[in-house]
Structures are given as structure tokens and as C-alpha cells.
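Asks: In the working numbering, the protein residues as written are 1 to 305. Backbone N, C-alpha and C define an ideal beta-carbon position, used for all residues, glycine too. Small disclaimer: the values here were computed from a predicted structure and weren't measured.
Written out as C-alpha cells, the structure is:
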């Protein structure tokens, strides 16, 4: 009751806050970081979240138009939605890519980078199948298995051995220097087979000036300006991915301009300061609306019958 606005930053927090704000009569902002897509959530869970949002939320903040569309497709009210892209630090340490390659024992030839936790829907297996069609190209895979997905991690190692890639695929595990690693590779691949609500690794790669290939699902097309700031391929298509990798590694005309556009777009749209300012403005407006409503209610009570 001591606060003007309740801000829920997860699905669990939103459910609890929806119940609480019904009692204390405070406006509720839900920051929905997920994408309510059938690939990730069952109908019952999506239905519960959307019904609560329609009834209790004053604003639903999402990181992309793709996430907004998924919320509406699940039955959510479009008028509740505010799109605020995630924000990143725009001033990272560039480091020395060649020195980093040497320190990790990586080859000097063409090098692909994949950066995400290891999970089937993240699509690392598709990258390995594409590499099997790309002789002479090596790859680093940065990330580890979470949420009980160790079997998938083991399957990736087995697939690399089965396809004869053991000497070309380097599993680095969890890393704290992802932007530096991205500078050390020739192309970053974002191979998700199911929709993502955002795509932090895409923006990180764009910021450091490394070409990006992403699957055309979720927010990727939005972030990459429908292919003007990166290359889009169908999800789960190893052949198309192999062709795209070969094309980018050949440094075709227009690639430098594409990378420059990607870097400028990332700096203009995806800075942390821009995100913070947008969220602060949403909270300010919601709080102002609550105070106006309280003032109107008070005036009505003071008015003679």
C-alpha cells in the first residue's frame, strides 16, 4: 500500500502480484520476458497468464513485436502492450581477437561462433549438421546445459564425433567474455528452432561488428531489419545454414555495409540507457494515471448529493 505501482518482473511474480493488487488496488505492470508461444508453454499456462493480464495488468511490457504478437495471439489485449527492447552495455572491451584465438588454441582459418545455453530448441545440432557440409570451417560453441538438459549436451559431443567434426568443433562451456569471443570469430550463428522473445546474442554480435546469421523465427527478423542487418535462414534447415555460412565467409559485396548497418542499428535501439528511460516513462505514466483516478474518486466523494 505504500507504493504507487507494482512491477512484476517474471511470470511467477506476476501471478502473485495480480492476486495482491486485487486486494490493495494498485496498478500492475508486468514485464513479460518470455514469448507466449505453443512451442514453449502449454495452452493452460498461456490461458491463465493472459486472463490474469487482461483482468489485472495496467501495462504488459515485452521485448519485441514478436513477443507482443504472441501475447495477443494467445488472447491478450493489444492495448495493454508496450514494446521495450532489452538494453545492453554499448561500450565493451574490444580485446585482441587474434590473441584470444591463440590463447584458446583455435585455428586461424574460418571460424563460426554459437553462443547460448545448450538445449534442443537452441539448435546447436543444426549447426553441427551444417558444419558437416562445410569442410575447412571450424566452430566454437559457448554455453552449457541447464534445466536438466545434460543429455542434449552429451548428444552434441557424440554428433560431432559421428560427423567427423571433433577437431573442428570446440565446446568452450559457460563463458563470461562473450563479446570478446564474438570479435574473434568470422560469423555468429543464432540457430534457434523455436521462437525467441528477443535475441541478446544477435545484438551483442551486431555491436562488435561481426556478421550474423539467424533463423527466421521469433524476434530475429525484427532485430536484423528483415535481413538488411544480417542473414536470415529457415529454422532447422542445415543445408540453408551451410549455404549462408559459405556465402558470408566469402565476404560478398555488400557485407561490410550490412555489418555497418547492424552496428549502427544496435547502438541506436538496444542501449541500456534507452531501455531504462522507456521503462521509467511507463511507470511514471501508470503512477500518474493512478493518482488521477484517486483524485477523481475523491472529488466524487466530496461532491454534495
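Apart from the five residues just before and just after residue 19, which ones in its own chain have a Cβ nearer than 6 Å to its Cβ?
Replies: Counting from one through the chain shown, the residue named residue 19 turns up at place 19. Nothing listed; no residue qualifies.
Asks: Cutting at 7 Å between CB atoms, please list the residues of its own chain near residue 185, excluding the five before and the five after it.
Replies: Sequence index remark: in the chain shown, residue 185 carries index 185 (1-based). The residues are 111, 112, 113, 140, 210.
Asks: Can you tell me whether DSSP reads residue 140 as helix, strand or coil?
Replies: By one-based count along the chain shown, residue 140 stands at place 140. If DSSP states are grouped into helix, strand and coil, residue 140 belongs with the strands.
Asks: Mind checking residue 196: buried by the 16 CB within 10 Å criterion, or exposed?
Replies: Along the chain shown, read from residue 1 onward, the residue named residue 196 stands at position 196. That one is buried.
Asks: Can you give me the C-alpha to C-alpha distance between residue 31 and residue 9, rounded to a whole angstrom?
Replies: In the chain shown, counting from the first residue as 1, residue 31 sits at position 31. In the chain shown, counting from the first residue as 1, residue 9 sits at position 9. Each residue's alpha carbon lies about 5 Å from the other.
Asks: With H, G and I counted as helix, E and B as strand and the rest as coil, what does DSSP make of residue 118?
Replies: Numbered from 1 along the chain shown, position 118 holds the residue referred to as residue 118. Of the three classes helix, strand and coil, the one that applies to residue 118 here is strand, per DSSP.
Asks: According to DSSP, what are the bridge partners of residue 171?
Replies: In the chain shown, residue 171 corresponds to position 171, counting from 1. In the DSSP output, where bridge partners are listed per residue, residue 171 has 141.
Asks: For my contact list, residue 131 and residue 153 are in at a C-beta cut-off of 8 Å; report their separation, rounded to the angstrom.
Replies: Reading the chain shown from its first residue, position 131 is the one you call residue 131. Reading the chain shown from its first residue, position 153 is the one you call residue 153. That pair is no contact at about 17 Å.
Asks: Buried or exposed: where does residue 276 fall if 16 or more other Cβ atoms within 10 Å of its Cβ makes it buried?
Replies: Taking the chain shown and counting its residues from 1, one reaches residue 276 at position 276. With fewer than 16 other Cβ atoms within 10 Å, it is exposed.
Asks: Shortest alpha-carbon distance to residue 78 belongs to which of 97, 93, 57, 85?
Replies: Here residue 78 refers to the residue found at position 78 when the chain shown is read from its first residue. Residue 57 is the option with its Cα nearest to residue 78.
Asks: Return the residue from the list 28, 73, 24 that minimises the CA-CA distance to residue 43.
Replies: Translated into positions along the chain shown, residue 43 becomes position 43. When only C-alpha atoms are compared, the closest one is 73.
Asks: Can you tell me the Cα-Cα spacing of residue 89 and residue 269, whole angstroms?
Replies: Numbered from 1 along the chain shown, position 89 holds the residue referred to as residue 89. Numbered from 1 along the chain shown, position 269 holds the residue referred to as residue 269. About 12 Å.
Asks: Please classify residue 124 as buried or exposed, where buried requires at least 16 other C-beta atoms within 10 Å of its C-beta.
Replies: Taking the first residue of the chain shown as 1, we reach residue 124 at position 124. Buried, because 16 or more other Cβ atoms sit within 10 Å of the Cβ of residue 124.
Asks: Please confirm if the stretch 89 to 99 is in contact with the stretch 217 to 227, defined as three or more CB-CB distances below 8 Å between the two stretches.
Replies: No: fewer than three Cβ pairs fall under 8 Å.
Asks: Tell me, to the nearest whole angstrom, how far the beta carbon of residue 179 is from that of residue 204; I am working on the premise that it is less than 8 Å.
Replies: Numbered from 1 along the chain shown, position 179 holds the residue referred to as residue 179. Numbered from 1 along the chain shown, position 204 holds the residue referred to as residue 204. About 5 Å; that satisfies the 8 Å criterion.
Asks: Look up residue 31 in the DSSP assignment and say whether it is helix, strand or coil.
Replies: Counting from 1 along the chain shown, the entry for residue 31 is found at position 31. Reduced to three states, the DSSP call for residue 31 is strand.
Asks: What are the start and end residues of the beta strand (DSSP E) that includes residue 59?
Replies: In the chain shown, the residue the question calls residue 59 occupies position 59. Segment 59 to 62, the beta strand (DSSP E) holding residue 59.
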